[in-house]
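Input: a single structure, listed below in C-alpha cells.
Protein chains: 2
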Amino acid sequence: MDDTKRKEEEQVMSNEDDSKGSICGYDSLHRLLKDNLKPHLFHEVSRLLTGLNCGKPLETIVLPELASTLSAEHGFDLQAFCFQADKELLREPRVVRVGLIQNSIALPTTAHFADQKKAIFDKLRPIIEAAGSSGVNILCLQEAWMMPFAFCTREKRWCEFAEPVDGESTEFLQCFALKYNMVIISPILERDINHGEVIWNTAVVIGNHGNVIGKHRKNHIPRVGDFNESTYYMEGNTGHPVFETAFGKIAINICYGRHHPLNWLAFGLNGAEIVFNPSATVGELSEPMWPIEARNAAIANSYFVASINRVGTETFPNAFTSGDGKPAHADFGHFYGSSHVSAPDSSCTPSLSRNRDGLLITDMDLNLCRQVKDRWGFRMTARYDMYADTLAHYVKPDFEPQIISDPLLHKKSL
Amino acid sequence: MDDTKRKEEEQVMSNEDDSKGSICGYDSLHRLLKDNLKPHLFHEVSRLLTGLNCGKPLETIVLPELASTLSAEHGFDLQAFCFQADKELLREPRVVRVGLIQNSIALPTTAHFADQKKAIFDKLRPIIEAAGSSGVNILCLQEAWMMPFAFCTREKRWCEFAEPVDGESTEFLQCFALKYNMVIISPILERDINHGEVIWNTAVVIGNHGNVIGKHRKNHIPRVGDFNESTYYMEGNTGHPVFETAFGKIAINICYGRHHPLNWLAFGLNGAEIVFNPSATVGELSEPMWPIEARNAAIANSYFVASINRVGTETFPNAFTSGDGKPAHADFGHFYGSSHVSAPDSSCTPSLSRNRDGLLITDMDLNLCRQVKDRWGFRMTARYDMYADTLAHYVKPDFEPQIISDPLLHKKSL
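As you go down the protein sequences, you meet chains V and D in turn.
Positions 1 to 414 (this note's numbering) are the ones given, in order, by the first sequence.
Positions 415 to 828 (this note's numbering) are the ones given, in order, by the second sequence.
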C-alpha cells in the first residue's frame, strides 16, 4: 500500500456538507479517528469499537509488491489484516486468506449494456489480479457486480443484464479461479432458462479448479427506500446451503438478508465458517446499521462475516419514486463501500474506503470459530427446541401472543 | 446535570493502563470522542456510530432541578435524551419516559448480608427519587440489583440473598411505584418457595399502582469466563412474556439472553415495544459486544432496547477459578456500566459512565416501532414458516446440515 499517497488523500478532509449533513471527503471512520485522536485515545476507542482479536489489536499483512503497484496504478484502496486464533494442541491452524472487492460501475448507465458490462470486467481485472497474486484463497465480489444496481427504476429492460449461472460473468471469473487456485463467489443477476426465464438474485460459487460448485439465491427481498427489487425477483428457493470448498465451509447471505437474524442463524446451523454478505446499500438508509448487523451475526453464530458494499452514486436515465415520499429522483444515493470482516470473537477489521474501489485482504484462522463456541457456548445454551415450538405456533393464523396484562390497567391513577 | 462538575471529571483523563491495556479514568466513549474531536468531525462520527433518530441528532431533555441536585449530592451520572418519531395522521404520539439505573454495590462483600442489602437500598433511594421526580414512567434496575454478583464464586451461601417475588426488595420498590405512578422492573435473585425453594434469576414487574403484574425468569444461563451462574439456577420456565402496562408493552431479556437472537425475536413476536436488558458483565469479556447486540436487537425486531450494566469491581472473600485458565482470583473484573437505549431506527443514546452509578432517562415515542415496521418490512419479509421448518429439523438428533461439497475437493491443484 502506498502510505504517502494515502496520507495525502487523508489530508483532503473537506468540511463540505452533502445533502444529508455528513462530511464528504474522508476515507473511512477508522482513518478519521486515527488521524484525529492521540495514539493512546485511538487505541482505547479501537478497543471499544472494533474489539481485540484474541486479546490483541489486529495486525496488518505485508502484501507482494505487485498488489501495491496495481493499487497505486488503478487507484483502488488496498488494505490487509490478520485475525489470530489460539494455538491448539490437537489441530493445526487452518488459515484462509479472504479477499473482498468493492467497486463503482465503470460507464454511465446510458451506455450500451454490452459496453457497460465489458467496462466493469476491465475495471475488475487488475483488482482480481492483485487478489490472486496476493495468494487470496476465497474471493467475493459485490452483489450484482456485473451491472448497475438498476432495480430502483422498476424498468424491465435492465433484465437484459441477467445471465445463466454458466454465463459470461462466470466464464470471466473461472479463468482467474483456475489461474490462482482461488474460490470465487460471484453474485449476479441470474436468468433461469430451464424454468421459463425466471430472474433471480444469485451468488455463483466457483471452485478453485474453475468448476461451478453451486449457487445460492437471495432469501429475503427488500421493499424499502429505493430498493424496488421485488419488482424483479422473488424470495430464493435454495435454502441455506453451505459450500464445502478447498478452503473451508462458506455461505452467502445476500444483501437485505443481513437484516434477518434467522437467515444468519440457518447458515450457521448448516456449519458455515465464513458467511459472505455481498450488498448494495446507501448511506442515508443503512450506514449506522452496516457494521452492527454484520458483527452481531459473527458474534451470535461463532463464524466470520465478510461484508461487501458497492461504491459511488449511480444515476439512471428516468427519474423514479419509491417508499419514502421523496420527489422523483434519478439516483439511488451514495453507495458507501466500507467493506470489512467481522470475527466471532467480536473483533473486526477497519473498513475499506467509503468512496473508492477497494480490495480488502484478510487472513483468518478458521479454528477460531470452534474456539469461540467452546468458550461462549451459544449453541449449547440456545434452547432451539423452545424456539422451534415458538415459530411453529407463530406462523399459525390464530397465533395468540404471550401477553400478561396489568389487571389494574384501566384503573385511574390517584 | 452539573456541567461544570462533569467537565472537571472529564479532564481527569489518565494515561494509566489497567491490566488489559485500556485507559482508566475516562467516563464514556461518547464523552471521550466529544472532548477530543473537532465539532464537525464529532458530528460525522456520531452519525456513523449512533445513527440519526428520524434523520436528526438526538436531543437532550431538561430535567427538574431536584434531579440535578440529587445527582450532584450523591455523585451519580445523570443523562437524559429524547427519541423522536414522525407525526402520524391517525394516531396520537405515545411518548413514554424510561429510566435506567446502574450502580455499584455499597458495602464490601464481607459485610453482613442484611447490611449489604440495606446499604444498596439506601444508595438507590436518591436515584429512584430522581427518576420519580423526573416523571419517569417505567424504571428498570440492573440484574440482581439487591446483592453482589457473587455467582462467580460457586459458593452456595450467597443463596441467602434470594427472595420470593413478594419479598423485601419488591416491597421496597412498590412504595416508589405507587408514589410516582411508575412501573418498576426489579431483577432479583428469586427463591421459589412453592416449588421446593428453587433459585431463579428473575425480573419482577411492578405496576404503576404498586401491584405485582408478574415475573419473568432468565431464559439463557452463561457458562463463560467467571460467569458460573449455572451453579445457582437453571434456564427459565416463563417463556417470553410481554407485560402490558399502563405505559406500553414491555419485556425483559435478562443478561446473557442478549447473545441469543432467538430470545430477542420471541419477545418481538409477542408484541414487545420496549425490551429491557438488565445485565452484569465485565470489560475484558464483552465490552465491544455490548452496544452491537443491543442495537442489532432493536433494529432486527423494530422495538426499543434498554440496556443496563452494573458498575465497579466486586471482590470476594475466597479466590475462585473459571473457564479461562487464569490463576485463582477474587474479583470478577470491572463491570463497565455504559447503560444506554437503542431505537428501532438504528439510532441510540450515548452511554452512561463506565465507572459511576447513573440514571439514564429517555423519552421515546412508541409509535416509532410500527413506523419502522412499515418502512423496513422485516416482519413481512422474514419467511418465518421456512425457519420454523429449519429449526424443527435441526433439533432432531439425526439432523443433516445442507452442505454442497465441491466434487473436486480432493483433486490436487496444478
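C-beta: ideal position from N, C-alpha, C; glycine also.
Quick check: residue i and residue j, are their CB atoms within less than 8 Å of each other?
| i | j | result |
| --- | --- | --- |
| D/Asp500 | D/Ala520 | no |
| D/Met596 | D/Val626 | no |
| V/Tyr384 | D/Tyr808 | yes |
| D/Phe734 | D/Met778 | no |
| V/Ser347 | V/Gly51 | yes |
| D/Ile775 | D/Ile475 | yes |
| D/Thr789 | D/Phe749 | Rather than Thr, the amino acid found at residue 789 of chain D in this sequence is Arg. No, they are not a contact pair. |
| V/Asp27 | V/Ser342 | no |
| D/Ile552 | D/Val510 | yes |
| D/Gly662 | D/Ile688 | yes |
| V/His195 | D/Gln816 | no |
| D/Phe392 | D/Leu462 | Residue 392 of chain D is absent from the structure shown; chain D starts at 415 and stops at 828. |
| D/Ala680 | V/Thr349 | no |
| D/Asn642 | D/Arg568 | yes |
| D/Ser583 | D/Leu477 | no |
To the nearest angstrom, report how far apart residue i and residue j are at their CA atoms.
| i | j | result |
| --- | --- | --- |
| D/Arg631 | V/Ala119 | 59 Å |
| D/Trp678 | D/Ile666 | 9 Å |
| V/Val204 | V/Gly225 | 27 Å |
| D/Ser436 | V/Phe316 | Residue placement at D/Ser436 is flagged as unreliable, the pLDDT there being 45, under the threshold of 50; the coordinate-derived value follows with that caveat. If I take the Cα positions, the gap works out to 49 Å. |
| D/Ala720 | V/Gln174 | 49 Å |
| V/Ser351 | V/Gly210 | 29 Å |
| D/Gly489 | D/Gln516 | 13 Å |
| D/Gly739 | D/Thr727 | 20 Å |
| V/Asp345 | V/Asn367 | 12 Å |
| D/Gly628 | D/Phe657 | 8 Å |
| V/Ala294 | D/Leu480 | 43 Å |
| D/Lys787 | V/Pro164 | 35 Å |
| V/Ala130 | D/Arg784 | 47 Å |
| D/Ile668 | D/Asp449 | 33 Å |
| V/Thr231 | V/Cys54 | 45 Å |
| V/Leu90 | V/Ala330 | 58 Å |
| D/Pro811 | D/Ala714 | 30 Å |
| V/His410 | D/Gly546 | 21 Å |
| D/Pro601 | V/Ser104 | 51 Å |
| D/Met800 | D/Ala712 | 23 Å |
| D/Arg445 | D/Pro453 | 12 Å |
What whole-angstrom Cβ distance do residue i and residue j have, given they're in contact under 8 Å?
| i | j | result |
| --- | --- | --- |
| D/Gly791 | D/Gly772 | Incorrect: roughly 36 Å between the Cβ atoms, too far for contact. |
| D/Ala558 | D/Asn615 | 7 Å |
| V/Ile308 | V/Asn355 | The Cβ separation is near 15 Å, so there is no contact. |
| D/Ile706 | V/Ile292 | 6 Å |
| V/Ile185 | V/Leu141 | 7 Å |
| D/Phe590 | D/Ile542 | 5 Å |
Can you pull the chain V residues whose beta carbon is under 8 Å from the beta carbon of residue i, in chain order?
| i | result |
| --- | --- |
| D/Asn625 | Asp406, Pro407, Leu408 |
| D/Met778 | Correct list: empty, because the minimum Cβ distance to chain V is about 17 Å. |
| D/Gln816 | Gly239, His240, Pro241, Val242, Asn270 |
| D/Pro702 | Arg47, Leu48, Leu49, Thr50, Gly51, Leu52, Ser346, Ser347 |
| D/Phe792 | His259, His260 |
| D/His634 | Thr381, Ala382, Arg383 |
Please list the partners that residue i has in chain D, where partner means a Cβ-to-Cβ separation under 7 Å.
| i | result |
| --- | --- |
| V/Tyr394 | Leu683, Tyr798 |
| V/Tyr387 | Leu676, Ala680, Leu805 |
| V/Asn296 | Ile706, Glu707, Asn710 |
| V/Arg97 | Going along chain D, no residue has its Cβ under 7 Å from V/Arg97, so there is no contact; the nearest lies around 15 Å. |
| V/Gly135 | Going along chain D, no residue has its Cβ under 7 Å from V/Gly135, so there is no contact; the nearest lies around 13 Å. |
Give the residues of chain D in contact with residue i, contact being defined as C-beta atoms less than 8 Å apart.
| i | result |
| --- | --- |
| V/Thr245 | Asp820, Leu823 |
| V/Arg356 | Those do not exist, as V/Arg356 stays about 17 Å from chain D at its closest Cβ, beyond 8 Å. |
| V/Gly323 | Arg789 |
In this structure, what does DSSP give as the bridge partners for residue i?
| i | result |
| --- | --- |
| D/Leu603 | D/Asn615 |
| V/His340 | V/Ser307 |
| D/Cys762 | D/Ser756 |
| V/Ala251 | V/Val275 |
| V/Thr238 | Looking at the DSSP assignment, V/Thr238 forms no beta bridge with any residue, so it has no partner. |
Give the interface partners of residue i over in chain V, defined as CB-CB distance under 7 Å, in chain order.
| i | result |
| --- | --- |
| D/Ala714 | His259, Pro261 |
| D/Leu455 | Leu32, Asn36 |
| D/Gly388 | Residue 388 of chain D is absent from the structure shown; chain D starts at 415 and stops at 828. |
Can a CB atom of chain A be found closer than 8 Å to the CB of residue i?
| i | result |
| --- | --- |
| D/Arg568 | Among the protein chains of the structure shown, namely V and D, there is no chain A. |
Given that residue i touches chain D, what residues does it touch there, using C-beta distances under 9 Å?
| i | result |
| --- | --- |
| V/Leu29 | Glu458, Val459, Leu462, Leu463 |
Show which residues of chain V have a CB atom less than 9 Å away from the CB atom of residue i.
| i | result |
| --- | --- |
| D/Arg637 | Trp376, Gly377, Met380, Thr381 |
| D/Glu649 | Thr381, Arg383, Met386 |
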